[in-house]
Amino acid sequence: MLAGFARWRPTHYGLVVKTARPESDSSDADTPTFAELGLEERLLRTLKDLGYESPSPIQAATIPPLLEGRDVIGLAQTGTGKTAAFALPILARLDTKQKAPQALVLAPTRELALQVCDAFQSYAARLSNVHVLPVYGGQGYGVQLSALSRGVHVVVGTPGRIMDHLDKGTLDLTQLRYLVLDEADEMLSMGFAEDIETILADTPDDKQVALFSATMPSTIRRLTKKYLNDPLELSVKGKTSTAPNVRHRYLQVAYPGKVDALTRILEVENFEGAIVFVRTKNETESLAEKLQARGFSAAAINGDVAQPQRERVIGQLKSGKLDILVATDVAARGLDVDRISHVINFDLPLDAESYVHRVGRTGRAGRSGEAISFVTPRERRLLGTIERATRQELTQVGLPTAEDINATRLNRFDETITAALDSDRLEFFREVVAHYVSEFDVPELDVAAALALNLQGDEPMLLDPAADRASRTRPERADRPARDRDRESGPDRREERPPRRPRETNQQFVTYRIAVGKRHKIGPRQIVGALANEGGLHSEDFGHIDIRMDHSLIELPGRLSEDTWNALKTTRISGKLIELTPDRGPRGNDRGERRPSRRPDRAGERKSRSKARWKD
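Going by the working numbering, the first residue of the sequence shown is number 452, and it counts up by one from there.
This is how it looks when you write it as structure tokens:
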């Protein structure tokens, strides 16, 4: 079935490796269908509903052995479609009558955990009574405990929060049948190695394990030998190249400011046709209505739109009756409209393959194209993943100013008048204006201004630059530079990195105390990994780390947000609550520093010390 698609070869590990060729090298004749992979009919219908046409290489290579019950090691970059590669076989073999969790998926970050959870729920749309639960730090225990008590089939979580539930006895893994380690290399770089081994040791020996990683460091190799049973190792590469005639830009913006940012960009960009991508069906309708209210010709398509209506909307886009299409990834599959000059990622795609697919809607037939992505601070890690996978740097741009918008509006006003001067109907309106001038003795310039005013309506033609600058003088916290770590920025790889870029702002650090130290067998990696994951901190938010016997001192920003502070208060490292508090230190402490005596959100005035920092 997979002949011509992959080749088999033994390795010195004693495993069997199957290396799939990149998508770009595979012909349609060599690529199997989802039906040929052995998936049941309900899942096949769901995939059709979602717009999936054929499996990606990692899906084609991984689904059959997982359905057969084999352990699998998948070496694949983010964006190659591996979520479906393990989610579909798990869903195909679930026993919905069993209340205890049957599948556990471990992910390095809450964002990835939520992404995987959403994928499971999408694929299970035609399956009855399948319950999937995301488990991650920063979310209240009450919701998770309530769901676990009712019965959950699939748990998707971060190692730290899974460890918390195991310590509390609130998560029963005795009947676990499937375990997935997603982005295993990143979990290890974030200091979760010990937690992962503890979780693996607490699961049944006869479970099926699937491990996915971009690389295979020695630590992961050791895990596979210890916890996987005769695994099948597969290595694939996805299609991650974009057209060379497309310019890639991104704008950092907080979520509440996205609509305003989109409006400004659509005003200043000289676009012919545009597709605005969002993640959910509801968002397509909502955003299209907001754009229409702002005077743009926009319409929405999603998976619920009937085919006749879809064809009608696309026809309007092709003919120029419609300028903006708001769509989901699924709805835009197979969309081929040469008129599309701009692709705008209102919601950043969750993997590189989706980014390539979206951007591929522009720059067609040799024409130039523009790709603009909105990136929230928490999505900076995801942006880095896309850049590395596509080998395409995205250039950061600023939000268009009032001056930019005013200049664009005046230019378009000029163009409108210039076009009208070439109209065959101009002579008639000359006579109408001449009559008014003669009848009321009003200068022609005043008549023209009155006509323009009447055309403009109540909305002012130009923005007030001073008022606009005042509203943007103090950016929201969410608009500050991102704090997410990427795969290469682990604190244990300092020697491999280039010199750190100078800080854009002066970080105000204070010293905090956590109730874990040397006797708990922890190091800087575990501390940074846990706090970064649970509290949403970036590596540049960490200062000096002093690990002592029964506690540790760590420098963090003095002005922690309330959400970060609450998340860190409940964070555990190696199963122990860290009990984060501002460090007041003993009298005459050995560093001779004055410790903060106020709450962390009011203790940021102290000057930052020039000690060694964890580098990006």
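Glycine included, every Cβ here is placed at the ideal spot set by N, Cα and C.
Which of helix, strand or coil DSSP assigns to residue i
i        : result
Leu-799  : coil
Ala-480  : Residue placement at Ala-480 cannot be trusted, given a pLDDT of 46 that sits under 50; what the coordinates show is reported in the next sentence. Correct three-state label for Ala-480: coil.
Tyr-587  : coil
Thr-1075 : The chain is shown from 452 up to 1067; residue 1075 falls before or after that span and cannot be answered.
Asp-569  : helix
Arg-612  : helix
Ser-1025 : coil
His-886  : helix
Lys-469  : In this predicted model, Lys-469 has a pLDDT of only 43, less than 50, meaning its place in the structure is not dependable; the value taken from the coordinates is given anyway. It is a strand residue.
Gly-980  : helix
Ala-551  : coil
Asp-992  : helix
Leu-786  : coil
Asp-873  : coil
Gln-626  : coil
Val-756  : coil
Ile-671  : helix
Arg-928  : In this prediction, Arg-928 scores a pLDDT of 43, lower than 50, which makes its location untrustworthy; the coordinate-derived value is nonetheless stated afterwards. DSSP places Arg-928 in helix when its eight states are reduced to three.
Ser-940  : Residue confidence is low: Ser-940 scores 33 on pLDDT, short of 50, so the model does not pin down where it sits. No coordinate-derived value is stated.
Ala-694  : coil
Leu-902  : helix
Lys-677  : helix
Ala-750  : strand
Contact check, residue i vs residue j, beta carbons under 8 angstroms
i        : j        : result
Ile-791  : Gly-724  : yes
Ile-613  : Leu-545  : no
Leu-599  : Leu-555  : no
Gly-1009 : Phe-960  : yes
Asp-780  : Val-660  : no
Phe-663  : Leu-630  : no
Asp-656  : Pro-552  : no
Val-581  : Val-607  : no
Arg-1073 : Val-807  : Here the chain covers residues 452 to 1067 and nothing more, so residue 1073 does not appear.
Gly-489  : Pro-506  : no
Gln-572  : Ala-536  : no
Leu-773  : Val-788  : no
Gly-642  : Gly-968  : no
Val-704  : Phe-825  : yes
Gly-1026 : Asp-681  : no
Leu-850  : Ala-1018 : no
Ile-965  : His-989  : no
Gly-974  : Ile-998  : yes
Leu-786  : Gly-525  : no
Gly-814  : Ala-694  : yes
Val-777  : Ala-744  : no
Ile-775  : Ala-749  : yes
Residue i beta carbon near the ligand NAD (any heavy atom closer than 7 angstroms)
i       : result
Arg-628 : Summarising the ligand content, the structure contains no ligands, and the ligand NAD is consequently not present.
Sheet register partners of residue i (DSSP bridge)
i        : result
Pro-682  : Bridge partners of Pro-682: none, in fact.
Thr-962  : Glu-1006
Ser-1084 : Within the shown structure, residues of the chain are numbered from 452 to 1067, placing residue 1084 beyond reach of any answer.
Val-607  : Val-556, Pro-585
Arg-700  : Ile-823, Thr-846
Thr-726  : Looking at the sequence shown, residue 726 is not Thr but Ile. According to DSSP, Ile-726 bridges with Leu-776, Val-794.
Val-807  : Paired residues: none, contrary to the question.
Thr-1032 : Arg-964
Residue of the options minimising C-alpha distance to residue i
i        : options                            : result
Leu-518  : Ser-505, Ala-538, Thr-625          : Ala-538
Ser-819  : Val-826, Gly-811, Thr-1022         : Gly-811
Ser-579  : His-1002, Asp-865, Leu-542         : Leu-542
Pro-585  : Thr-609, Ile-996, Arg-601, Pro-682 : Thr-609
Thr-1032 : Thr-869, Ile-823, Tyr-963          : Tyr-963
Thr-534  : Lys-550, Gly-754, Thr-513, Ser-597 : Thr-513
Gly-602  : Glu-645, Phe-571, Thr-547, Phe-485 : Thr-547
Met-638  : Leu-988, His-995, Ala-778, Arg-976 : Arg-976
Arg-561  : Asn-984, Ile-868, Ile-856          : Asn-984
Tyr-574  : Ile-868, Gly-502, Pro-508          : Gly-502
Pro-916  : Ala-1018, Thr-852, Ile-671         : Thr-852
Pro-828  : Gly-987, Asn-696, Thr-625, Gly-771 : Gly-987
Asp-615  : Ala-903, Asp-1034, Ile-1024        : Ile-1024
Ile-823  : Leu-717, Glu-882, Glu-878          : Leu-717
Leu-674  : Ala-652, Ala-527, Phe-891          : Ala-652
Lys-709  : Leu-877, Pro-695, Val-727          : Val-727
Leu-845  : Arg-698, Lys-550, Leu-902, Arg-672 : Arg-698
Ser-597  : Val-898, Phe-722, Val-605, Thr-621 : Thr-621
Tyr-706  : Glu-830, Gly-532, Leu-872, Glu-910 : Glu-830
Would you be able to state if there are at least three C-beta pairs under 8 angstroms between the stretch 836-849 and the stretch 791-808?
-> Cβ pair count under 8 angstroms is three or more, so yes.
Cβ contact check for the stretch 862-873 and the stretch 587-603: 3 or more pairs under 8 angstroms = No, the stretch 862-873 does not touch the stretch 587-603.
Contact the stretch 792-799 vs the stretch 711-731: 3+ CB pairs below 8 angstroms | The stretch 792-799, when compared against the stretch 711-731, does touch it at the 8 angstroms Cβ threshold.
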